[in-house]
Structures are given as C-alpha cells and as structure tokens.
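I have placed the structure first, in the form of structure tokens, so that the comments after it can refer back to it.
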Amino acid sequence: MQGAIVRVCMVVVAAILNHPLLFPNENTTIPEQDDELLTRMKEHQEKLEAEQKRLEQEISQTETALIDDDQDSYSWYFWSTLCLVIFLTIEVCRQDMIPIEMPDSMEDEVGDSSAEYLSAKTVALDKGVLSNFCKTRFHPFIHESRRVREFIEGFADDLLEALRSVCDRDSDLEVEDFVGIGSMFESWRVSKPPTCDLIVPFAPPRPFRFQFQLGCDPSTEIPLDLQGCGRIKLIKPGGNGTDCLCGSTNLGDDMLCLLHNRNESERLEEHTLVELLCEKNTSYLSKDQIMRWFQISVSKAWGQISHKYDFELAFRNLDFPGALKIRFRSGKTVTLNITPAVQFEDTDAYLISHFPSDTSNSSDIHWQLSLTVYEKNLLKHLAKRLPTNSCHVHCLQIVSFLHKKQTALTGRSAFSNYHIKTALLHLLLSKRPAMWQPQNLDHRLRDLLSFLQQSLEEKRLYHIVVGNPSIPVEILVPKIIRTAEPINLFRPLVLQRHVYAKMEEHFQEMVKNTSVLVQEYSPHFSNGYVRHEFSSTDQT
Numbered sequence: 088m089q090g091a092i093v094r095v096c097m098v099v100v101a102a103i104l105n106h107p108l109l110f111p112n113e114n115t116t117i118p119e120q121d122d123e124l125l126t127r128m129k130e131h132q133e134k135l136e137a138e139q140k141r142l143e144q145e146i147s148q149t150e151t152a153l154i155d156d157d158q159d160s161y162s163w164y165f166w167s168t169l170c171l172v173i174f175l176t177i178e179v180c181r182q183d184m185i186p187i188e189m190p191d192s193m194e195d196e197v198g199d200s201s202a203e204y205l206s207a208k209t210v211a212l213d214k215g216v217l218s219n220f221c222k223t224r225f226h227p228f229i230h231e232s233r234r235v236r237e238f239i240e241g242f243a244d245d246l247l248e249a250l251r252s253v254c255d256r257d258s259d260l261e262v263e264d265f266v267g268i269g270s271m272f273e274s275w276r277v278s279k280p281p282t283c284d285l286i287v288p289f290a291p292p293r294p295f296r297f298q299f300q301l302g303c304d305p306s307t308e309i310p311l312d313l314q315g316c317g318r319i320k321l322i323k324p325g326g327n328g329t330d331c332l333c334g335s336t337n338l339g340d341d342m343l344c345l346l347h348n349r350n351e352s353e354r355l356e357e358h359t360l361v362e363l364l365c366e367k368n369t370s371y372l373s374k375d376q377i378m379r380w381f382q383i384s385v386s387k388a389w390g391q392i393s394h395k396y397d398f399e400l401a402f403r404n405l406d407f408p409g410a411l412k413i414r415f416r417s418g419k420t421v422t423l424n425i426t427p428a429v430q431f432e433d434t435d436a437y438l439i440s441h442f443p444s445d446t447s448n449s450s451d452i453h454w455q456l457s458l459t460v461y462e463k464n465l466l467k468h469l470a471k472r473l474p475t476n477s478c479h480v481h482c483l484q485i486v487s488f489l490h491k492k493q494t495a496l497t498g499r500s501a502f503s504n505y506h507i508k509t510a511l512l513h514l515l516l517s518k519r520p521a522m523w524q525p526q527n528l529d530h531r532l533r534d535l536l537s538f539l540q541q542s543l544e545e546k547r548l549y550h551i552v553v554g555n556p557s558i559p560v561e562i563l564v565p566k567i568i569r570t571a572e573p574i575n576l577f578r579p580l581v582l583q584r585h586v587y588a589k590m591e592e593h594f595q596e597m598v599k600n601t602s603v604l605v606q607e608y609s610p611h612f613s614n615g616y617v618r619h620e621f622s623s624t625d626q627t
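Each residue of the sequence shown is one higher than the one before, counting from 88 in the working numbering.
Following this line, the structure appears as structure tokens:
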C-alpha cells in the first residue's frame, strides 16, 4: 500500500520536474529535421502513459481495501497531504525561478535617472553662436563699466573722507584708503545693475595694535572648517612689554611721557576699545561690534555729504551695513558693497568681516582671509602671456552669466562667481598660453565647466594662492601663505550636506541648460541683419 503511494508521489514529482515551465530554455523550438529525437520523445511519452495507467489500476484496487481498514485510511490521508505540500512547494519554487520581465515604464525610469547626469565635456557649443553671444552680451559693458568705476571711486573717496571727520581721531578706529576688488575692478563683470566691491581697511588708534592668528598657520588652534579665516587680537598698550613704558609703568604725577600725554592715557582707560570692539570677555575683535560701529559711522558720513549728490543712498541689508544701493533719478541703480577689513601686517592680504556672497561663517571672532588683491595681480600677470584677444575672459563671463541665469531659475545656492574665477585661474596655470586662442573658446569653455564639475564630484577646490607652489614669484605672496597647507574651498560646504547637495544640483542643471541659454540670449540673424530685442529680464 505505502509503496504504491510512494510510486504515485514519484510520478507526480517527475511530471512537475519535466514540465517545460520549470526550467524553460531560451530556444524551445525543435528542429524539424531531427526525427530521431522526436521518435525517442514519443516512446518516452508512451512509457509514461502506460506507467500511469498501471498505477491508476493499482490505486483503484487499493481503494476498496481502504474502506475496511482505518489504519490504511489514515496513511492515505497522510501521504496525500504530504504530496500536496510537496506539489505546492515545487510550484512556488518554479514561479520564483521564472525570469520576470521589467515593465517598459520601469525601464524608462531607469533610463531617465542615468540620463540626468550630463558630462560638461559633451555640451553642444557652436563657435559662431558663442562669438555672437559675447559680442552682444559683454562688449557693451566695457565702456559703461569704466564710467561706473570712475564714479564709484570718486564717491567712495568722498564718503570715506567724511567718515574720518565724524570719527574721534584719538579713540576711534583709523579708516584707511579703500581697495577695489571683484569683477568690476578685474574687467569681467557681466550683469546689471553694476556691482562694485570695496574693502576699507581700518587700524586701531595708537598705542593699540593688532596681532594676527591665521588659520593657515599650523601653530594656531583654529578648526579645520575655518582654515580660511583668522583671528585678530587687540593688544593693549604695554600688553607684551614691547610698547611704550608709560602704558605699563607708573610714572608719577611729576613725570610726562613725550609720546603720549596724560589726557590720552586717561581717555583710553575710561573708554576702552576692548569693551567696545571685542567679543565679551576676550581680546579678539568682534565682527558684530565692528559692523555696528561701521554702520553708525557710514550713516553719519552720508548725512554730511548727501546734499552734494543728486541720488538716493539706501542700505540693502541691515545685517551687512556696507551693502549699499545707489538710485539715480533716471531709475538706474548701482550696487555698492563696502566691507570693513584689517590689513595683515604689511602685505596685500586682508581679514574681512564677510564675503558679499558668503554667509556660512557664523563665528563672531573668525574673520575671512581675503587674497583678492593677489588674485587680481595673478590674473593680470597671466593675461600678459596669452595671445591677443585670448578667450579666458569670455570663458569667465559666460559661466558667470549662466550661473546668474540658473540662480534666477532655481534659486540661490552656495555656488559663487568666486568658485568660477578660482577654477579659471587653475586652468590658466596648467595650460599652455597658445591654447587660449580666441578660436578655442568652445574648447576652453568645456574645460572650465568640466573642471568645476570634477571639483564638485571630488568635493575639493583648492584656493589658488594658499599653499600653491605654481604661483609666480612676481606676485609676492607672503611666505606664511605660500608655504601653508592648501585650503579646500568646498570643505565648509561639504560639512553641510543639504547645502552641498543643492550646490551640485544647481551646477548640474546649469550644465544641462548651457546650450539653451546661450542660444536664447544670442542674436538671431535674418537677411544678414542682427535682430535682438532686450526685454526687462535681459537687463538683469
């Protein structure tokens, strides 16, 4: 009895295993000419059918005996249940083994996700379109920029002179001459309204002085994410024993210092700069305190000279008192960023309160290290070696233009024109001057976009001046900066994942829109004439 049931199970298992859906072949078509194979298969099928009939007869004979035998009935149910379980198990396994075809919609989604990334090396650029784009978008700015720059220089001189007059020469900070930086003073600005960036150095009144602690100096204890910053310590008179002795010695009532009269010493003691300009309970210069002093001083200075000018002056951002906006009666505007700064010793390096496009540094005592003067000199020095009408400025202008338009489309990000200029300077140092011929604009533009794209992927873009041995000696970079460890400009942003992710997305969208934006803002030719209408959006 049990042997018969086992044989039935074996037949069922054999039938399932021989089912064509269990192990499907890629090609189940049997060649018609293979008669021998067909004959063997028919014989095998006949044997299986005969075996099945014989087993069915044996089962029918045993069914009669099962009625009178309870023990045999129990065994029959047991083995039937077991066969059913085996059958279901094999069916489930068979379904798992059948390959599942991916729906067309799923394939499209996978294809779209891989297509989102566009290599900057494959951007479609036409030389003729790029040439016309530069002529219509950038050339008109050349003469206008010169006039704006001359006006701003004259106005800034007048404003700072008035600022000096409202300051107390004995107890207030000493304001020095401004330094022009940025695209306007480097002759590559591309947008309206024109924007001018000035840094205004200031110094402490005598006998106070500043002591510097740079983040790129390994001897200082400054966090790595603030490596591009520095601290400024206000040293009191006689604070380290090297100043005048009147600050650390009691001269008595009958003695007088020939350098500092008694009234000055009394004023400095009563109106201490440490309490007014430094962070609480420290001797480090506070950016907030300096900005507050600067805002009050600029407001007073403008009040003295406003009657001389026929325009309005307004503060654009209360958090940055030097962010000004000049509006003429004609409706034209000029943006002016005046940033307080401290000159680093006797060099062209400055520690500034903030960069106009960067608000990531929230520390009140860590000032940004600005080497823009060296960068401007480096750009001018490298340009002298390039061919006539070289394409490097147009590369910088085009990418800056694309960045501005992409910002208008998708919003602000941490990506800035400073990153673009840094990447261009790296390329100018690494490529031969002959490669910057004007006819190579499309190739160099792809190189610049590719360099930025690779830098974003690798999460590093090194400062062009700090720790760069490729800088020519003619630039006269201070040794402490030239020999320092390179500074990764992306490091503070990488630590903020959402900020960095948005910056990457911004740049990738900009690369994808490059061809479209260049075509859209290029002149259209009809019958040999240039036809291009400037809308209100074109002026931005």
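From the three backbone atoms N, C-alpha and C, an ideal C-beta is built for every residue, glycine too.
Residue interval of the alpha helix (DSSP H) (run including Gln540)
528 to 545
Look at Tyr549 and Pro565 and say whether their C-beta atoms are less than 7 Å apart.
no
In whole angstroms, what separates the C-alpha of Val210 from that of Glu545?
20 Å
Unbroken beta strand (DSSP E) run spanning Asn476, endpoints
Segment: none, Asn476 is in no beta strand (DSSP E) and carries neither H nor E.
Under a three-way DSSP split, which group does Asp406 fall into?
coil
Only counting the same chain, and skipping five residues up and downstream in sequence, which positions put a Cβ closer than 8 Å to that of Glu194?
For Glu194, the predicted model reports a pLDDT of 38, less than 50, meaning its position is unreliable and no value from the coordinates is stated.
Could you check the C-alpha separation between Arg547 and Val253 for me, to the nearest Å?
The C-alpha of Arg547 lies about 45 Å from the C-alpha of Val253.
Kindly say whether Asp213, judged by its beta-carbon, lies nearer than 7 Å to any beta-carbon of chain B.
Protein chains in the displayed structure number just one, and chain B is not present.
I need the straight-line Cα distance from Leu212 to Pro280, nearest angstrom please.
28 Å
According to DSSP, is Glu113 part of a helix, a strand, or is it coil?
The pLDDT assigned to Glu113 is 43, lower than 50, so where the model puts this residue is not dependable; a value taken from the coordinates is nonetheless given after this. Three-state result, Glu113: coil.
Go ahead and label Glu248 buried or exposed: buried means 16 or more other beta carbons lie within 10 angstroms of its beta carbon, across all protein chains shown.
By the 16-neighbour rule on beta-carbons within 10 angstroms, Glu248 is exposed.
In three-state DSSP terms, what is Val277?
For Val277, the three-state secondary structure derived from DSSP is coil.
Among the residues of its own chain, which have a CB less than 7 Å from the CB of Lys222, if the five just before and after it don't count?
In its own chain, leaving out the 5 sequence neighbours on each side, no residue places its CB closer than 7 Å to the CB of Lys222.
Cβ-based burial, Gln298 [other Cβ within 10 Å; buried from 16]:
So Gln298 ends up on the exposed side.
Which partner residues does Gln300 have in the DSSP bridge list?
The partner list for Gln300 (beta bridge, DSSP) reads Arg318.
Does DSSP put Tyr396 in a helix, a strand or coil?
coil
Find the nearest neighbour of Cys303 within the set Thr459, Gln595, Val553, His394, judged by alpha-carbon distance.
Val553
Contact between the region 406 to 413 and the region 259 to 279 is defined here as three or more beta-carbon pairs at a separation below 8 Å; is this criterion met?
The region 406 to 413 makes no contact with the region 259 to 279; the number of CB pairs closer than 8 Å stays below 3.
For Asp183 and Ile173, I'd like the C-alpha separation in whole angstroms.
Residue placement at Asp183 is flagged as unreliable, the pLDDT there being 40, under the threshold of 50; the coordinate-derived value follows with that caveat. Annotation: Asp183 to Ile173 spans about 16 Å, alpha carbon to alpha carbon.
Could you compute how far the alpha carbon of Phe110 sits from the alpha carbon of Gln144?
In this prediction, Phe110 scores a pLDDT of 47, lower than 50, which makes its location untrustworthy; no coordinate-derived value is stated.
Curious, which full-length beta strand (DSSP E) runs of at least 3 residues does the region 562 to 614 contain?
611 to 613
Where Arg531 and Arg499 are concerned, what is the direct C-alpha to C-alpha distance, given to the nearest angstrom?
About 26 Å.
Quick check: what's the CA-CA separation for Ser306 versus Arg276?
39 Å
Using a Cβ-Cβ cutoff of less than 6 Å, which residues in the same chain neighbour Ser542 once the five nearest sequence positions on both sides are dropped?
Leu548
Which value, in whole angstroms, describes the spacing of the CA atoms of Pro610 and Asn600?
18 Å
Enumerate in chain order the residues of its own chain whose CB-to-CB distance from Trp523 is below 7 Å, with the five nearest sequence positions on each side excluded.
In its chain, beyond the 5 residues on either side, Leu473, Pro474, Ser477, Cys478, His479, Arg531 have a beta carbon closer than 7 Å to the beta carbon of Trp523.
For Pro525, the three-state DSSP class (helix, strand or coil)
helix
Member of Phe228, Ser218, Leu285 whose CA lies at the smallest distance from the CA of Phe242
The alpha carbon of Phe242 has as its nearest neighbour, out of Phe228, Ser218, Leu285, the alpha carbon of Leu285.
Whether or not the region 393 to 404 and the region 371 to 380 are in contact is what I'm after, with contact meaning three or more pairs of Cβ atoms, one per stretch, closer than 8 Å; do they touch?
No, because fewer than three Cβ pairs between the region 371 to 380 and the region 393 to 404 fall closer than 8 Å, the two stretches do not touch.
In or out: Ala401 buried (at least 16 other Cβ within 10 Å) or exposed?
exposed
So, helix, strand or coil for Lys412, using DSSP?
strand
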